[in-house]
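Contents: one structure, followed by commentary.
2 protein chains.
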Amino acid sequence: MTKFLVHATFKSSLDEKSFARARRGLLCNIKGVASDVMVKNNGCEGDNVQAKSTAARGAPKARGTGNKPGSPQGSVRMPFNKRRAQILDVATDFFAENGLTGQTRQLAEKCGISQRLLYRFFPTKEDLLKEVYNQEILGAFKAVWFVDLQDRSRPVSERLEAFYRDYLQSTLTRKWLRLLLYASLAEANMAPDYIAAIIMQVLEVVMREVAHEKGVSLPEEPALLHEMAWTLHGAISHYAIRRHIYQSSLSLSEDQVVSMHVRVFLAGFGDMIDVCRGD
Amino acid sequence: MTKFLVHATFKSSLDEKSFARARRGLLCNIKGVASDVMVKNNGCEGDNVQAKSTAARGAPKARGTGNKPGSPQGSVRMPFNKRRAQILDVATDFFAENGLTGQTRQLAEKCGISQRLLYRFFPTKEDLLKEVYNQEILGAFKAVWFVDLQDRSRPVSERLEAFYRDYLQSTLTRKWLRLLLYASLAEANMAPDYIAAIIMQVLEVVMREVAHEKGVSLPEEPALLHEMAWTLHGAISHYAIRRHIYQSSLSLSEDQVVSMHVRVFLAGFGDMIDVCRGD
DNA sequence: TTCGTTTGTCGTCAATTGACGAATTAATAA
DNA sequence: TTATTAATTCGTCAATTGACGACAAACGAA
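Going line by line, the protein sequences match chains A and B. Residue numbers 1102 to 1380, in our numbering, belong to the letters of the first sequence in order. Residue numbers 1102 to 1380, in our numbering, belong to the letters of the second sequence in order.
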């Protein structure tokens, strides 16, 4: 809470200049999820970064003239936007693994750059975190879902299975979940209600589509409606948490699980409506 | 990963002495969840601990002769076991809120004692964390559940509702969930499989009892069986996460939610078995 | 080549932070 | 009262850690 209050207020005129200039060119890059950045992990970095930083920093001399697109080295003088994208990409993995309290020095090392360089792209660590959050957390929601979910030419069971399969694979990933949880736990309210709003949309669409195909009418109260949809949505979300956070050894395949949960949901749907109406 | 490797190896003979002596008297105290410790929060501590630590530490002089049981002050010279219990109690709240990276100095302040004193009871911060985890996380599971859940003189719907109501209120609390998540995220493997094992027991009992009352037979494969029970268990767990971690504003009452989920589960149970057998 | 621009690094500051030696103070027994 | 024991604090060390000023090196246009 106290940790991220200080908002750096640009003193170095030099950095500010290039910063402002380059920022404009970035507006169109939002959601361009690291299109051409291939650097994912920098090779080295076993795990004990204990070794007294002597003899470290051997990288700069090793990067000869080579650097063909085959050798994924992180530091060879990149243009502003590319480097920024690369940092964001590495930072996503880094903070997902090490938590929001991960150290900038370690992050820089993973990027293959000096720690100081981070501050050319992000005024403070908090800004970097916010950017990561916006790109990775909010960017993981796809608008197509709403289209596909409402395509009544296909049976609803198929649509639900397809959706949740995709949702599990492309959104409820280890990276995404860990970031979301770290952010939620830290009460780092960086774009808090967007997610809730989006998910509520999903819940409503799901309920509407199932009810339509089954020819039943839904209860009025939205809270009740949401809670009913959470029966499925929550079970699947929690499956992902078990898998990626609690690291339970789950023997069934994702597809099996999804199809089971969807089918159970559909099987109990009618009763659920009755039961909740009688309540 | 690197953070909690160093295991302090007792040097101060003085501390070690009283330590060992007092430890024996503690074995019976396990699970004596802070029976007589009333200190919960130390009054002060708004939120910005910014104020340059001048003038702070006003506590010691303020604790006059009074200290009747009415004034919950934390530091008046307690016997070893009591103080230790109090620290554990405060630490639970503290780490649940601030994460496992919370600072010992802040914790000590909340306890109303000096930071140094913590190290008389716990050799390292990691030991303190492990102790908190064992008491609060593992201690939250009740053996009675298994008895009550299998009491076939009552209808299974009643048993399930009663169980999940209690589970939500006494286990899936904010404190418990946050601690578990922080610990899981940190991969701090402090008693990892106990929880999984206990929950699996619950899942199996639930399935067995429902199947018995409904007069259906269960599939063989345990993984499938568990996943079916997770339909209910996961939905409720995730409800708690929404409530306590994502801080969603949930308008329905806990009891309503529990009863809805249980009834839906029971309503769909037959189909679930069929559907999964056909799979 | 030359010079301005942009990318990048070195080294350092100040605040944190886990850990602990040594001294101080309260409770208890003699 | 006095001596002994146990609870508690002060002050400090060494390692971290976010932030940044100053300088060096690569790049590109003239």
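Don't be surprised by glycine CBs; every beta carbon is placed ideally from N, CA and C.
Could you give the first and the last residue of the continuous alpha helix (DSSP H) run that contains residue i?
i, result
"Ala1186 of chain A", "Phe1181 to Asn1199"
"Tyr1268 of chain B", "Counting along the chain, Tyr1268 of chain B falls outside any alpha helix (DSSP H), and DSSP gives it neither H nor E."
"Ile1214 of chain B", "Premise fails: Ile1214 of chain B is in no alpha helix (DSSP H) and is neither H nor E."
"Val1233 of chain B", "Lys1226 to Val1233"
"Pro1320 of chain B", "Where Pro1320 of chain B is concerned, there is no enclosing alpha helix (DSSP H), given that its DSSP letter is neither H nor E."
"Ser1352 of chain B", "It is not in any alpha helix (DSSP H) - Ser1352 of chain B carries neither H nor E in the DSSP assignment."
"Phe1242 of chain A", "Neither: Phe1242 of chain A is in no alpha helix (DSSP H) and is coded neither H nor E."
"Arg1275 of chain A", "Arg1275 to Leu1286"
Consider the C-beta atom of residue i and the heavy atoms of the ligand ADP; say whether any pair is separated by less than 7 Å.
i, result
"Leu1230 of chain B", "Ligands displayed in this structure: none; no statement on the ligand ADP is therefore possible."
Are residue i and residue j touching if we call contact CB-CB under 8 Å?
i, j, result
"Ser1338 of chain A", "Leu1280 of chain A", "no"
"Met1308 of chain B", "Cys1377 of chain B", "no"
"Ala1409 of chain A", "Gly1379 of chain B", "Nothing about residue 1409 of chain A can be read from this structure; chain A reaches only from 1102 to 1380."
"Val1233 of chain A", "Cys1212 of chain A", "no"
"Arg1344 of chain A", "Leu1353 of chain A", "no"
"Ile1374 of chain B", "Val1317 of chain B", "yes"
"Ile1188 of chain B", "Leu1230 of chain B", "no"
"Met1304 of chain B", "Trp1277 of chain B", "The amino acid occupying residue 1304 of chain B in the given sequence is Leu; Met does not appear at that position. Going by C-beta atoms, Leu1304 of chain B is not nearer than 8 Å to Trp1277 of chain B."
"Phe1222 of chain B", "Arg1253 of chain B", "no"
"Val1257 of chain B", "Val1311 of chain B", "yes"
"Leu1269 of chain A", "Glu1355 of chain A", "yes"
"Ile1346 of chain B", "Leu1282 of chain B", "yes"
"Gly1335 of chain A", "Tyr1340 of chain B", "yes"
"Lys1226 of chain B", "Thr1193 of chain B", "no"
"Ala1289 of chain B", "Leu1208 of chain B", "no"
"Gly1240 of chain A", "Lys1315 of chain A", "no"
"Met1301 of chain A", "His1327 of chain A", "yes"
Under the assumption that residue i contacts residue j (Cβ atoms under 8 Å), give the Cβ distance between them as a whole number of angstroms.
i, j, result
"Val1359 of chain B", "Glu1262 of chain B", "6 Å"
"Ala1297 of chain A", "Ser1285 of chain B", "Not really, about 23 Å apart at Cβ, beyond 8 Å."
"Phe1366 of chain A", "Leu1319 of chain A", "Not really, about 15 Å apart at Cβ, beyond 8 Å."
"Val1306 of chain B", "Phe1242 of chain B", "Not quite, the Cβ-Cβ distance comes to about 13 Å (not below 8 Å), so this is no contact."
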